[in-house]
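K.L.:
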Amino acid sequence: MVITVASGKGGTGKTTISTSLTYAISRKREVAHVDLDVEEPDSNIFLKVPIQREEMIWLPLPVIDYEKCTFCGVCQRVCEYNAIFVFKNTREVKVFDQLCRGCGACKEMCPFDAISEIQRFIGVFSYGKKDNINFYEGRLNIGEYVTTDAIRWVKRRLKEINKSEITVIDAPPGTSCPVIQSMKDADYVVLVTEDTPFGLFDMKLAYGVGKKMNKKMGIVINKALPGYKETREFAKREGIPILLEIPFDKKFAKAYAEGITLSEFSKEYREKFEEMFRYIEGEVKNA
Ligand code: SF4
Ligand code: SF4
263 MVITVASGKG
273 GTGKTTISTS
283 LTYAISRKRE
293 VAHVDLDVEE
303 PDSNIFLKVP
313 IQREEMIWLP
323 LPVIDYEKCT
333 FCGVCQRVCE
343 YNAIFVFKNT
353 REVKVFDQLC
363 RGCGACKEMC
373 PFDAISEIQR
383 FIGVFSYGKK
393 DNINFYEGRL
403 NIGEYVTTDA
413 IRWVKRRLKE
423 INKSEITVID
433 APPGTSCPVI
443 QSMKDADYVV
453 LVTEDTPFGL
463 FDMKLAYGVG
473 KKMNKKMGIV
483 INKALPGYKE
493 TREFAKREGI
503 PILLEIPFDK
513 KFAKAYAEGI
523 TLSEFSKEYR
533 EKFEEMFRYI
543 EGEVKNA
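Sequential numbering from 263 applies to the sequence shown in my numbering.
1. Mind checking L467: buried by the 16 CB within 10 Å criterion, or exposed?
2. Assign N396 to buried or exposed, taking buried as 16 or more other Cβ atoms, counted over all protein chains shown, within 10 Å of its Cβ.
3. Would DSSP call R353 helix, strand or coil?
4. Among M263, T278, K271, V264, which one has its Cα closest to the Cα of A519?
5. Give me the residue from L524, G544, R315, Y469 with the minimum Cα distance to A286.
6. Whole angstroms is fine: what's the gap from F510's alpha carbon to K276's?
7. Could you pull the start and end residues of the alpha helix (DSSP H) that A549 belongs to?
8. What is the rounded straight-line gap between the Cα of A515 and the Cα of V408?
9. Roughly how many angstroms lie between the CA atoms of K356 and V325, to the nearest whole one?
10. Where DSSP assigns a beta bridge to A486, which residues make up the other side?
11. Less than 7 Å between the CB of R418 and some heavy atom of ligand 2, yes or no?
12. Grab me the residues of V267's own chain with a C-beta within less than 6 Å of its C-beta, minus the 5 sequence neighbours each way, in chain order.
13. Tell me the start and end of each unbroken alpha helix (DSSP H) in the region 365–436 that is at least 4 residues and wholly inside, in chain order.
14. Suppose the cutoff is 7 Å on Cβ atoms and the five residues either side in sequence are ignored; what does the same chain contact list for Q338 look like?
15. So what's F496 in DSSP terms, helix, strand or just coil?
16. Using the rule of at least 16 other Cβ atoms within 10 Å of the residue's Cβ for burial, across every protein chain shown, is L361 buried or exposed?
17. K485 and E456 - do their beta-carbons sit closer together than 8 Å?
18. Between the alpha carbons of E500 and Y469, how many angstroms are there, rounded?
19. Compute the Euclidean distance between the alpha carbons of G480 and K425, then round it to the nearest angstrom.
20. Identify, in the order they occur along the chain, each residue of the same chain with its Cβ nearer than 8 Å to the Cβ of E492, setting aside the five sequence neighbours on each side.
21. Any residue with its Cβ nearer than 6 Å to a heavy atom of ligand 1 should be included. What is that list in chain order?
22. Can you list, in chain order, the residues of its chain with a C-beta nearer than 8 Å to that of V441? Leave out the 5 residues immediately preceding and following it.
23. Given M538, which residues of its chain have a CB within under 6 Å of its CB, disregarding the five upstream and five downstream residues?
24. Using CA coordinates, which residue listed in I404, L323, N394, F383 is at the minimum distance from C365?
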């Protein structure tokens, strides 16, 4: 079972929720926690799993053989990402590393077999185990934009090594391609939102993505404000369950600042996260 924890925007407390859920599950069951927020993975600040292995994340990068290249321009025409340019006058083919997605189309289509590939290092994949938690994290190198490709790489590798029956994914914030990649295999999506008009607006966008992908979803309201009714009204209108409401509380903020999950910090919340998991499990089983 794959549970993806997502949010329409950053700063909603998504990682607090995903790590608290993982921690609560791990008290009784083995669980994989996958941090796919590759631009800023911070789950392990909370889970504190010792990293046992690191692997480099690579992306293929085209290299031109000028002995064979005729500067025909086919590679430039087939590249959907404007990552390769042919300068006929100066007889040069320029590949822009940061734009290249390593799709291989230019190599496939070059009529003169003038393109080979090298591997470009774009990030690090780490993993480790502590108690019942199998922890995996993708981390993109600073200045890289190939977020979706790094996530794809991590997911491919996970297929080979992740044997846990339950996987919790911490998705990147927002609603763009990396989020779609992170939701793709989810049996259930937990949408984390702040109880504000901005929070609701962004959560609606994330909900729209999940709905298009036909995902079962539930909402966690973080820093819940009793006077703000719109989030609950939206949930009611759309028929989405509110899985948990966490009020704004200085104690929780302190625990967060100290890198402690809510489930670890508070028995009451550990039980709430356990209950939330049981509900999700039931929903997935009945799907
Ligand atoms: S398609 Fe091949 S031969 Fe044509 S410009 Fe590109 S690298 Fe050179
Ligand atoms: S590998 Fe793909 S993205 Fe990169 S230059 Fe070639 S066609 Fe463009």
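Virtual Cβ for every residue (Gly too), placed ideally from N, Cα, C.
P.N.:
Let me spell this out:
1. The count along the sequence shown starts at 1 and reaches residue 467 at position 205. Counting Cβ neighbours within 10 Å, L467 comes out exposed, since fewer than 16 surround it.
2. Your numbering for residue 396 matches position 134 in the sequence shown. Buried.
3. For the purposes of this step, residue 353 is taken as residue 91 along the sequence shown, with counting starting at 1. Three-state DSSP puts R353 in coil, outside helix and strand.
4. If you number the sequence shown from 1, residue 519 lands on position 257. Looking at the Cα atoms, T278 is the closest of the given residues.
5. To locate residue 286, count along the sequence shown from 1; it is residue 24. Among L524, G544, R315, Y469, the Cα nearest to that of A286 belongs to L524.
6. Locating residue 510 in the sequence shown gives position 248, counting from the first residue. Locating residue 276 in the sequence shown gives position 14, counting from the first residue. So the two alpha carbons sit approximately 15 Å from each other.
7. Here residue 549 is taken as the residue at index 287 of the sequence shown, counted from 1. From DSSP, A549 is part of no alpha helix (DSSP H); its letter is neither H nor E.
8. One-based indexing of the sequence shown puts residue 515 at position 253. One-based indexing of the sequence shown puts residue 408 at position 146. Straight-line Cα distance between these residues: approximately 33 Å.
9. Within the sequence shown, the letter at position 94 stands for residue 356. Within the sequence shown, the letter at position 63 stands for residue 325. Computed Cα separation, rounded: 9 Å.
10. Along the sequence shown, read from residue 1 onward, the residue named residue 486 stands at position 224. Note: A486 sits in a beta bridge opposite P509.
11. Walking along the sequence shown from the start, residue 418 turns up at place 156. No - ligand 2 has no heavy atom lying nearer than 7 Å to the Cβ of R418.
12. Position 5 of the sequence shown, counting from 1, holds the residue named residue 267. Correct list, in chain order: K276, I279, S280, D432, V452.
13. 367–371, 409–423
14. If you number the sequence shown from 1, residue 338 lands on position 76. Cβ within range, chain order: I346, F347, V348.
15. For the purposes of this step, residue 496 is taken as residue 234 along the sequence shown, with counting starting at 1. Reduced to three states, the DSSP call for F496 is helix.
16. To locate residue 361, count along the sequence shown from 1; it is residue 99. Per the 10 Å Cβ criterion, exposed.
17. Position 194 of the sequence shown, counted from the start, is the residue given in the question as residue 456. Position 223 of the sequence shown, counted from the start, is the residue given in the question as residue 485. Yes, these two residues count as a Cβ contact at 8 Å.
18. The residue given as residue 500 occupies position 238 in the sequence shown. The residue given as residue 469 occupies position 207 in the sequence shown. Approximately 10 Å, taken between the alpha carbons.
19. Here the question's residue 480 lines up with position 218 in the sequence shown. Here the question's residue 425 lines up with position 163 in the sequence shown. If you take the alpha carbons of G480 and K425, they lie about 26 Å apart.
20. To locate residue 492, count along the sequence shown from 1; it is residue 230. Closer than 8 Å at Cβ, skipping near neighbours: P459, L462.
21. I326, C331, T332, F333, C334, G335, V336, C337, V348, V355, C372, F374, A376, I377
22. The count along the sequence shown starts at 1 and reaches residue 441 at position 179. Once the five neighbours on either side are set aside, the close Cβ partners of V441 are A268, A433, P434, P435, A468, V471.
23. One-based indexing of the sequence shown puts residue 538 at position 276. L505, L506, listed in sequence order.
24. The count along the sequence shown starts at 1 and reaches residue 365 at position 103. Nearest of I404, L323, N394, F383 to C365, Cα basis: L323.
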